[in-house]
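Participant: Note that the protein sequences, when read in sequence, are chains P and R.
Position 129 of the first sequence, counting from 1, maps to 128 under numbering that gives the first Met the number 0, and the rest follow consecutively.
Position 305 of the second sequence, counting from 1, maps to 304 under numbering that gives the first Met the number 0, and the rest follow consecutively.
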Amino acid sequence: METIESALLAARAQFAITISFHIVLAAFTIGMANFLMVLEALWLWRREQIYLDIYRYWLRIFALNVAIGTASGLILEYQFGLNWSRLSIKAGEIIGPLMFYEVMAAFFLEAGFLGIMLFGMKKVGPRLHFFATCAVAVGSLISAFWILAANSWMQTPAGYGIRPDGRFFAEDWWAIIFNPSSPYRFVHMTLATLLGTAMFVAGAAAWQLLRNPEGPRARLQFSMALWVVAVLAPLQIVAGDLHGLNSLKLQPQKVAAIEASWTRPTEGAGEPLRLFAIPDMGERRNHFELAIPRIGSLYLRHDLHSSIAALDEFAQQDIPPVGIVFWAFRLMVGLGLMMLALGVTSLFLRYKKRLYTLRWMLRCSVVMAPAGFVAMISGWVVTEVGRQPFTVYGLLRTAESASSVSRQQVVASTFSILGCYVVVFGIGLWVLARILRKPAIDGELEPQPTLAQEIGKS
Amino acid sequence: MLGVDWIILLSGAALAFSVLNYVLLDGTDLGVGMLMGVTHCPVQRRAMALSILPIWDANETWLVLGGGGLFALFPMAYAVLLPALYLPFISMFMALIVRALALEFRDQASRSGIKRVIDRCLGVASFITSMSQGTVLGTLVQGVPVQDGRFAGSGWEWLSAFPLFCGGVLVVGYLWLGTCWLYWRTENPLQHNAARLAKLLSGPTLILLATLVVWTSTLAPQYADRLTNLAIIAPVVALTLIASVLFFFSFRTRQDCAPLFCALGVFVVGFALMVATLFPLIVPPDLTLLGTASGQASQQFMLIGFALLMPVTLFYNTYGFKVFSGKIRAQKNDRD
Numbered sequence: 000m001e002t003i004e005s006a007l008l009a010a011r012a013q014f015a016i017t018i019s020f021h022i023v024l025a026a027f028t029i030g031m032a033n034f035l036m037v038l039e040a041l042w043l044w045r046r047e048q049i050y051l052d053i054y055r056y057w058l059r060i061f062a063l064n065v066a067i068g069t070a071s072g073l074i075l076e077y078q079f080g081l082n083w084s085r086l087s088i089k090a091g092e093i094i095g096p097l098m099f100y101e102v103m104a105a106f107f108l109e110a111g112f113l114g115i116m117l118f119g120m121k122k123v124g125p126r127l128h129f130f131a132t133c134a135v136a137v138g139s140l141i142s143a144f145w146i147l148a149a150n151s152w153m154q155t156p157a158g159y160g161i162r163p164d165g166r167f168f169a170e171d172w173w174a175i176i177f178n179p180s181s182p183y184r185f186v187h188m189t190l191a192t193l194l195g196t197a198m199f200v201a202g203a204a205a206w207q208l209l210r211n212p213e214g215p216r217a218r219l220q221f222s223m224a225l226w227v228v229a230v231l232a233p234l235q236i237v238a239g240d241l242h243g244l245n246s247l248k249l250q251p252q253k254v255a256a257i258e259a260s261w262t263r264p265t266e267g268a269g270e271p272l273r274l275f276a277i278p279d280m281g282e283r284r285n286h287f288e289l290a291i292p293r294i295g296s297l298y299l300r301h302d303l304h305s306s307i308a309a310l311d312e313f314a315q316q317d318i319p320p321v322g323i324v325f326w327a328f329r330l331m332v333g334l335g336l337m338m339l340a341l342g343v344t345s346l347f348l349r350y351k352k353r354l355y356t357l358r359w360m361l362r363c364s365v366v367m368a369p370a371g372f373v374a375m376i377s378g379w380v381v382t383e384v385g386r387q388p389f390t391v392y393g394l395l396r397t398a399e400s401a402s403s404v405s406r407q408q409v410v411a412s413t414f415s416i417l418g419c420y421v422v423v424f425g426i427g428l429w430v431l432a433r434i435l436r437k438p439a440i441d442g443e444l445e446p447q448p449t450l451a452q453e454i455g456k457s
Numbered sequence: 000m001l002g003v004d005w006i007i008l009l010s011g012a013a014l015a016f017s018v019l020n021y022v023l024l025d026g027t028d029l030g031v032g033m034l035m036g037v038t039h040c041p042v043q044r045r046a047m048a049l050s051i052l053p054i055w056d057a058n059e060t061w062l063v064l065g066g067g068g069l070f071a072l073f074p075m076a077y078a079v080l081l082p083a084l085y086l087p088f089i090s091m092f093m094a095l096i097v098r099a100l101a102l103e104f105r106d107q108a109s110r111s112g113i114k115r116v117i118d119r120c121l122g123v124a125s126f127i128t129s130m131s132q133g134t135v136l137g138t139l140v141q142g143v144p145v146q147d148g149r150f151a152g153s154g155w156e157w158l159s160a161f162p163l164f165c166g167g168v169l170v171v172g173y174l175w176l177g178t179c180w181l182y183w184r185t186e187n188p189l190q191h192n193a194a195r196l197a198k199l200l201s202g203p204t205l206i207l208l209a210t211l212v213v214w215t216s217t218l219a220p221q222y223a224d225r226l227t228n229l230a231i232i233a234p235v236v237a238l239t240l241i242a243s244v245l246f247f248f249s250f251r252t253r254q255d256c257a258p259l260f261c262a263l264g265v266f267v268v269g270f271a272l273m274v275a276t277l278f279p280l281i282v283p284p285d286l287t288l289l290g291t292a293s294g295q296a297s298q299q300f301m302l303i304g305f306a307l308l309m310p311v312t313l314f315y316n317t318y319g320f321k322v323f324s325g326k327i328r329a330q331k332n333d334r335d
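Structure follows, in structure tokens:
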């Protein structure tokens with residue numbers, strides 16, 4: 000029994016590791032591709048060199064990111080078979096096609112035009128090059144759409160039937176793709192990729208402004224990024240709220256775990272907002288709870304007196320690990336509120352014309368550079384751990400989804416993957432920091448600037 | 000409306016098409032990667048890197064399509080094959096990540112010594128990838144033990160003579176493709192070297208492939224039947240001979256891409272022979288295409304997408320190739 004459980008834990012850790020690394024890279028790809036699309040559009044429209052300089056500067060970083068992003072995505076296409084073969088047998092007919100469409104409609108679009116986007120400006124001219132940039136940006140968004148449809152189906156299954164042998168089959172593709180949580184998840188995640196990238200660009204620009212407050216390109220980057228933060232942070236909070244209400248309707252025990260609400264408050268007393276608690280799964284209660292009464296109802300039910308289903312209303316074997324979900328949610332929301340504060344402050348400072356010179360603002364932006372991506376990962380922890388103990392919510396348990404691979408192989412490979420990723424990420428971050436230390440210059444070069452001459456006419 | 004069997008056949012064909020495309024396209028890249036690991040001259044290594052830099056990403060996407068296709072079209076086969084080949088697959092993915100890192104980051108290296116090390120890593124990673132792919136193929140052909148629709152082996156079946164031999168064959172084959180690619184895409188000393196190596200590798204590749212066919216025929220009665228069936232083996236031998244003769248002849252023409260296409264032709268024939276030997280099995284000895292297929296609704300849904308999107312995909316991928324298809328004249332980089 001113990002070996003089965005540790006193998007299961009290693010398999011889950013492996014999926015968590017591979018997907019966390021990939022999510023950050025993929026989100027940065029989506030955000031960056033769209034940022035680059037806007038920059039190139041501005042350059043084509045206004046014909047000012049500064050946009051092209053910034054475009055090329057970030058294109059170099061984009062090139063490095065996409066390469067590792069693609070390679071880290073490869074393993075995920077196979078993870079379902081490697082570690083979750085029973086899930087693949089049961090739900091392959093539904094999840095598989097969604098992933099297949101992701102590759103065909105999106106991955107190819109991205110990869111096919113990537114070469115031209117990165118290296119082809121001198122080969123194909125600005126207009127066709129802009130088309131390639133748009134193809135990569137749109138491809139990355141379509142890719143997110145399909146993969147989130149697959150994920151959402153596992154969270155809120157719809158449009159399926161079950162065969163006598165327990166396998167799911169597709170009845171209605173429209174209902175499968177647009178299952179009840181997928182529109183919410185798509186909006187919330189897309190905003191997260193854009194917000195995370197904007198926070199990162201703002202942080203990098205602030206770092207450069209701290210060294211040279213006059214740099215025109217760093218200023219433009221800082222300004223653009225903070226516009227995005229100022230607009231998207233509030234939108235993201237609205238989207239998150241709607242997504243939360245959707246979860247409350249469809250996955251009530253997830254929301255109960257988010258709130259660490261073990262028992263329902265008395266009628267009319269309203270849900271408290273727990274600021275601190277150490278949930279105890281054994282005793283089914285919280286230690287050291289610190290809460291503000293009624294505020295929970297405000298965001299959960301949009302009033303001051305209603306309550307939500309509590310954890311004791313569900314069977315014990317059906318509730319997720321409460322502590323992780325509870326704290327991951329607080330981390331996500333806390334960072335979200337900080338990003339909102341940064342966005343609002345930036346508007347105020349912009350109005351006062353002191354945006355680029357206040358050093359504490361620049362320092363805050365540097366410190367908060369990873370905030371968007373950290374919030375995104377915590378959000379994924381909330382939604383994925385919150386779905387436990389199921390892989391297909393309410394229908395297939397995680398313990399019944401795993402492959403029959405020996406424990407040693409799973410554990411050893413999980414550690415090897417972790418080691419490999421730490422090294423790869425370490426090198427990547429080191430190179431990234433080295434590039435970002437030098438701000439974009441006038442007449443910035445593209446990646447492999449000599450490639451066009453070195454590859455002759457065909 | 001098409002009958003059920005037709006849909007499964009078409010699904011199998013779509014999957015085979017994806018895998019074949021992957022082998023032809025990324026096989027070439029992997030060959031170039033391995034050659035980079037053993038090339039001394041920095042300018043030549045730069046030329047080799049430039050030749051694959053704009054396209055390797057798209058080539059690797061075919062592997063994602065193969066995985067997604069197997070998962071979606073034949074989920075039972077996917078669920079048996081991957082646990083059975085757990086370690087080769089994981090090593091392949093790690094090697095592919097190292098390869099991506101090496102290829103894209105090599106120009107960030109500040110000294111020529113570091114770049115040399117990076118290119119060595121690229122070579123080793125390409126080797127591990129090719130070896131793993133051959134081993135996967137070999138284990139599949141050798142047969143995967145299945146009980147109640149689930150993998151029932153130890154997970155070490157790949158660690159035996161036949162799969163490892165297949166790994167070796169694929170390594171040599173990919174190297175051959177890589178040299179032919181370089182012959183097409185480069186000039187002067189590098190092209191001369193490539194031509195010499197391409198001719199040198201063609202013999203061993205063909206001999207190894209022939210050995211592989213003979214060895215395969217001893218593994219199972221079905222294989223023996225198919226591989227001694229004249230209707231199958233005669234065209235294979237004829238086409239391989241034609242491709243080999245054309246291969247040697249093509250070096251005298253002005254079409255520098257001709258040797259590569261002859262070599263790719265040999266790979267296509269080999270792949271077709273493998274399909275003909277295994278059919279209707281997808282994971283020998285027990286699992287057939289029919290037995291592992293997903294439902295008709297799923298397969299139809301995907302085939303429609305495949306039929307609509309594949310021509311477009313092929314079109315813009317070809318365009319992407321064409322933009323960067325000229326001869327490479329690598330310049331010396333300050334850091335080389």
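Glycine included, every Cβ here is placed at the ideal spot set by N, Cα and C.
To the nearest angstrom, report how far apart R/M0 and R/G304 are at their CA atoms.
Facilitator: The count along the second sequence starts at 1 and reaches residue 0 of chain R at position 1. The count along the second sequence starts at 1 and reaches residue 304 of chain R at position 305. For R/M0, the predicted structure reports a pLDDT of 42, less than 50, and the residue's modelled location is therefore unreliable. The matter cannot be settled from this model.
Participant: Can you list, in chain order, the residues of its chain with a C-beta nearer than 6 Å to that of R/A193? Leave out the 5 residues immediately preceding and following it.
Facilitator: Reading the second sequence from its first residue, position 194 is the one you call residue 193 of chain R. Around R/A193: T178, L181, Y182.
Participant: Under 7 Å, do P/A229 and P/H187 count as touching if we go by C-beta distance?
Facilitator: In the first sequence, residue 229 of chain P corresponds to position 230, counting from 1. In the first sequence, residue 187 of chain P corresponds to position 188, counting from 1. Not in contact: P/A229 and P/H187 (Cβ atoms no closer than 7 Å).
Participant: Does any CB atom of chain P fall closer than 7 Å to the CB of R/K198?
Facilitator: As a first step, residue 198 of chain R is located in the second sequence; it is residue number 199 there, counting from the start. Cβ-Cβ to chain P under 7 Å: no for R/K198.
Participant: Identify the contact partners of P/W172 in chain R, using a Cβ-Cβ distance below 7 Å as the criterion.
Facilitator: Taking the first sequence and counting its residues from 1, one reaches residue 172 of chain P at position 173. Neighbours of P/W172 on chain R, chain order: F300.
Participant: Return the first residue and the last residue of the beta strand (DSSP E) that R/Y85 is part of.
Facilitator: Looking up residue 85 of chain R in the second sequence gives position 86. No beta strand (DSSP E) contains R/Y85, which is instead part of the alpha helix (DSSP H) from 85-104.
Participant: By the criterion of Cβ-Cβ separation under 8 Å, what are the contact partners of P/V123 in chain R?
Facilitator: Taking the first sequence and counting its residues from 1, the one referred to as residue 123 of chain P is at position 124. Per Cβ cutoff of 8 Å: V322.
Participant: By a C-beta neighbour count over all protein chains shown, 10 Å radius and 16 as the cutoff for buried, is P/N150 buried or exposed?
Facilitator: Start at 1 with the first residue of the first sequence, and residue 150 of chain P comes out as number 151. Under this definition P/N150 is a buried residue.
Participant: First and last residue of the alpha helix (DSSP H) that includes R/T291?
Facilitator: Start at 1 with the first residue of the second sequence, and residue 291 of chain R comes out as number 292. Segment 288-291, the alpha helix (DSSP H) holding R/T291.
Participant: Residues in the same chain with beta-carbon distance under 7 Å from R/V123, minus the five sequence neighbours each way, listed in chain order, please.
Facilitator: On the second sequence, position 124 is the one that residue 123 of chain R refers to. Only G36 meet the Cβ criterion.
Participant: So, for P/H242: in the same chain, excluding its five sequence neighbours on each side, which residues have a beta-carbon less than 6 Å away from its beta-carbon?
Facilitator: Position 243 of the first sequence holds residue 242 of chain P. Cβ neighbours of P/H242 within its own chain (closer than 6 Å, five residues either side excluded): Y183, H187.
Participant: Which of the three DSSP states is assigned to R/A160 in this structure?
Facilitator: Position 161 of the second sequence holds residue 160 of chain R. Helix, per DSSP.
Participant: Counting only beta-carbon separations shorter than 7 Å, does P/S139 have a partner in chain R?
Facilitator: In the first sequence, counting from the first residue as 1, residue 139 of chain P sits at position 140. The beta carbon of P/S139 does not come within 7 Å of any beta carbon belonging to chain R, so the residue lies off that interface.
Participant: Under a three-way DSSP split, which group does R/V178 fall into?
Facilitator: Reading the second sequence from its first residue, position 179 is the one you call residue 178 of chain R. What sits at residue 178 of chain R in the sequence shown is Thr, not Val. R/T178: helix per DSSP, three-state reduction.
Participant: So what does DSSP say about P/V409, is it helix, strand or coil?
Facilitator: Working through the first sequence from its first residue, we reach residue 409 of chain P at position 410. Correct three-state label for P/V409: helix.
Participant: If you drop the 5 nearest sequence neighbours on each side, which residues of the same chain put their C-beta closer than 6 Å to that of P/V227?
Facilitator: As a position in the first sequence, residue 227 of chain P is number 228, starting the count at 1. These residues qualify, in order along the chain: A197.
Participant: If we count the other Cβ atoms within 10 Å of its Cβ and call it buried at 16 or more, is P/M153 buried or exposed?
Facilitator: Taking the first residue of the first sequence as 1, we reach residue 153 of chain P at position 154. Buried, since its Cβ has 16 or more Cβ neighbours within 10 Å.
Participant: Kindly indicate which residue of P/M103, P/V422, P/V365, P/L24 has the alpha-carbon position closest to the one of P/W145.
Facilitator: Translated into the one-based positions of the first sequence, residue 145 of chain P becomes position 146. Here the closest residue by C-alpha is P/M103.
Participant: Where does P/V404 fall in DSSP's three states?
Facilitator: Residue 404 of chain P sits at position 405 when you count from the first residue of the first sequence. For P/V404, the secondary structure class from DSSP, reduced to helix, strand or coil, is coil.
Participant: Determine, using beta carbons only, whether P/Y50 comes closer than 7 Å to chain R.
Facilitator: Locating residue 50 of chain P in the first sequence gives position 51, where the first residue counts as 1. Not closer than 7 Å to any Cβ of chain R, the Cβ of P/Y50 fails to qualify, so no.
Participant: CA-CA distance, P/M0 and P/L140?
Facilitator: Against the first sequence, residue 0 of chain P aligns to sequence position 1. Against the first sequence, residue 140 of chain P aligns to sequence position 141. Bear in mind that the predicted position of P/M0 carries a pLDDT of just 47, short of 50, making it unreliable; the figure below should be weighed with that in mind. C-alpha of P/M0 to C-alpha of P/L140: approximately 43 Å in a straight line.
Participant: I'd like to know whether the C-beta of R/M0 is nearer than 7 Å to at least one C-beta of chain P.
Facilitator: As a first step, residue 0 of chain R is located in the second sequence; it is residue number 1 there, counting from the start. Note that R/M0 has pLDDT 42, beneath the 50 cutoff, so the model's placement of it is unreliable and the number below is only indicative. It does not: the Cβ of R/M0 has no partner Cβ on chain P nearer than 7 Å.
Participant: Verify the contact flag: R/R105, CB atom, against every heavy atom of the ligand GDP, threshold strictly below 6 Å.
Facilitator: In the structure shown, the ligand GDP is absent, as is every other ligand, since no ligand is present at all.
Participant: For a contact meaning CB atoms closer than 8 Å, what does P/C419 contact in chain R?
Facilitator: As a first step, residue 419 of chain P is located in the first sequence; it is residue number 420 there, counting from the start. Result: M93, I96, V97.
Participant: For P/A290, list the residues DSSP reports as bridge partners.
Facilitator: Against the first sequence, residue 290 of chain P aligns to sequence position 291. According to DSSP, which records beta bridges pairwise, P/A290 is partnered with P/R273.
Participant: Do P/G68 and P/L24 come within 7 Å of each other at the CB atom, strictly closer than that value?
Facilitator: Taking the first sequence and counting its residues from 1, the one referred to as residue 24 of chain P is at position 25. Taking the first sequence and counting its residues from 1, the one referred to as residue 68 of chain P is at position 69. Yes, the pair counts as a contact, with Cβ atoms nearer than the cut-off.
Participant: Counting only Cβ-Cβ distances shorter than 8 Å, please list the residues of the stretch 105-121 of chain R near chain P, keeping chain order.
Facilitator: Those residues of the stretch 105-121 of chain R that come within reach of chain P (Cβ to Cβ, closer than 8 Å) are D106, Q107.
Participant: I'd like the list of long-range same chain contacts for P/W359, defined as Cβ closer than 6 Å, with 5 residues on each side in sequence excluded.
Facilitator: The sequence position of residue 359 of chain P within the first sequence is 360, counting from 1. None.
Participant: Does DSSP put P/G442 in a helix, a strand or coil?
Facilitator: The residue you call residue 442 of chain P lines up with position 443 of the first sequence. Residue state, collapsed to three classes: coil.
Participant: Nearest to P/L113 by CA position, among R/L9, R/I96, R/A57, is which residue?
Facilitator: Within the first sequence, the letter at position 114 stands for residue 113 of chain P. Cα-wise, what sits closest to P/L113 is R/A57.
Participant: Exposed or buried, P/L450, counting other C-beta atoms within 10 Å across all chains shown (16 or more means buried)?
Facilitator: To locate residue 450 of chain P, count along the first sequence from 1; it is residue 451. It counts as buried.
Participant: From which residue to which residue does the beta strand (DSSP E) around P/A169 run?
Facilitator: Position 170 of the first sequence, counted from the start, is the residue given in the question as residue 169 of chain P. That run of the beta strand (DSSP E) goes 167-169.
Participant: Count the CB pairs spanning the stretch 260-277 of chain P and the stretch 286-295 of chain P that are closer than 8 Å, and state whether there are at least three.
Facilitator: As far as the Cβ criterion goes, the stretch 260-277 of chain P touches the stretch 286-295 of chain P, which means the pair count is three or higher.
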